[in-house]
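Peer 1:
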Amino acid sequence: MGKSIAIANQKGGVGKTTTAINLCACLADFGRRTLLVDADPQGNATSGLGIDKDKAPLCVYDGLINWAAAVGIIQPAPEAGLDVMPSAIRLAGAELELAAAPEREFRLKKLLWPVKDNYDYIVIDCPPSLGLLAVNALTAADSVLIPIQCEFYALEGVAQFMNTVNLIREAFNPSLQLEGIIMTMYDGRTNLSAQVEDEVRRHFGAKVYQTIIPRNVRLSEAPSFGRSVLQYDRKSRGAEEYMSFAREVLGNE
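Under this note's numbering, residue 253 is the last one in the sequence shown; the count climbs by one each step, no gaps.
#1: Leaving out the 5 sequence neighbours to the left and right, which residues in its chain are closer than 6 Å to leucine 155 when beta-carbon positions are compared?
#2: Could you have a look at glutamate 79 and say whether DSSP puts it in helix, strand or coil?
#3: On the three-state DSSP scale, how would you describe lysine 235?
#4: Starting from glutamate 179, follow the beta strand (DSSP E) in both directions and report where the run begins and ends.
#5: Is the Cβ-Cβ distance between glycine 43 and lysine 53 less than 8 Å?
#6: Based on DSSP bridge pairs, tell me the residues matched to aspartate 125.
#7: Are tyrosine 242 and leucine 230 closer than 8 Å when you measure CB to CB?
#8: Please name the residue in Asp198, Ile146, Arg247, Thr164 whose C-alpha comes closest to that of threonine 19.
#9: Looking at aspartate 142: is its Cβ nearer than 8 Å to the Cβ of isoleucine 5?
#10: Assuming contact is defined by CB atoms lying nearer than 8 Å, are leucine 82 and threonine 34 in contact in what I supplied?
#11: According to DSSP, valine 143 sits in a beta bridge with which residue or residues?
#12: For tyrosine 209, which of helix, strand or coil comes out of DSSP?
#13: Would you list the one or two residues that DSSP bridges to isoleucine 148?
#14: Proline 214 by DSSP, collapsed to three states: which one?
#15: Using DSSP with H/G/I as helix, E/B as strand and the rest coil, what is valine 84?
#16: Using DSSP with H/G/I as helix, E/B as strand and the rest coil, what is tyrosine 61?
#17: Taking just the CA atoms, how far does proline 41 sit from alanine 92?
#18: So for tryptophan 67, helix, strand or coil by DSSP?
#19: Looking only at its chain, what residues have a beta carbon closer than 7 Å to the beta carbon of alanine 134, apart from the 5 residues adjacent to it on each side?
#20: CB-CB under 8 Å to glycine 31, same chain, minus the five flanking residues each way: which ones, in chain order?
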């Protein structure tokens, strides 16, 4: 049965979707059958892998609200071994529609359950909020991976998010674990990035991955071409670091 990892942080702009796309691409490159679930209404993970979110016949919304089967929603990505459950703008309305729905926190878990055996890894890209979509993702996941940007307010809100994770454990998913912390957007030219790294490692210790994702032009360019950085420029530093990160994740198998 596949391992499901929610990539989440209530703070936006921390490299969450970049991490989801490129971790999935690297896991697939290592031969792991991988599914990326785009649970963010912005749909950036969908378009970042070359899938036209405006033309997808079905998306996560249809599974959550209309009980569409996962196998009918999933599409193959250009990357070998990687599938995508796409998002679309109509997913933005799911928060309101789920509010009064039965089993509202468990919809994504029920949607993914029939396909868990088809994959080694299911990675869920969460929206930058703590609404019902994020609750669904954390309820469906075995673990949560938190990207933290190497900037001045790096730890702001993380304590609150960890409280939310604890509440999810108590109410809906007692087996939810902290997969780890990945630091992103590291700039080796500044003292600030080094100071933030030290602070994050003091707070989270062994849960912080050794790999640090740098600021990298190729990482920024790749989504506009609908590719992972691995497919866009395999020799770039961004690709090398995400491959290193994937090795660490695989080390937890």
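Note that beta-carbon positions come from the ideal geometry of N, C-alpha and C, so glycine has one too.
Peer 2: Let's see:
#1: Sequence-distant Cβ neighbours of leucine 155 in its own chain, meaning closer than 6 Å and more than five residues away, do not exist here.
#2: coil
#3: coil
#4: Following the DSSP letters along the chain, one finds glutamate 179 inside the beta strand (DSSP E) bounded by residues 177-186.
#5: Contact flag set, yes.
#6: Ile7, Asp38
#7: Less than 8 Å separates the beta-carbon of tyrosine 242 from that of leucine 230.
#8: Ile146
#9: yes
#10: yes
#11: Residue identity differs from the one stated: residue 143 is serine in this sequence, not valine. According to DSSP, serine 143 bridges with Ile5, Gln177.
#12: strand
#13: DSSP, once it has assigned bridges, lists Met183 as partnering isoleucine 148.
#14: Strand at proline 214.
#15: In this structure, valine 84 counts as strand in the three-state DSSP scheme.
#16: In the structure shown, the three-state DSSP call for tyrosine 61 is helix.
#17: 5 Å
#18: coil
#19: Ala8, Cys126, Pro127
#20: Gly81
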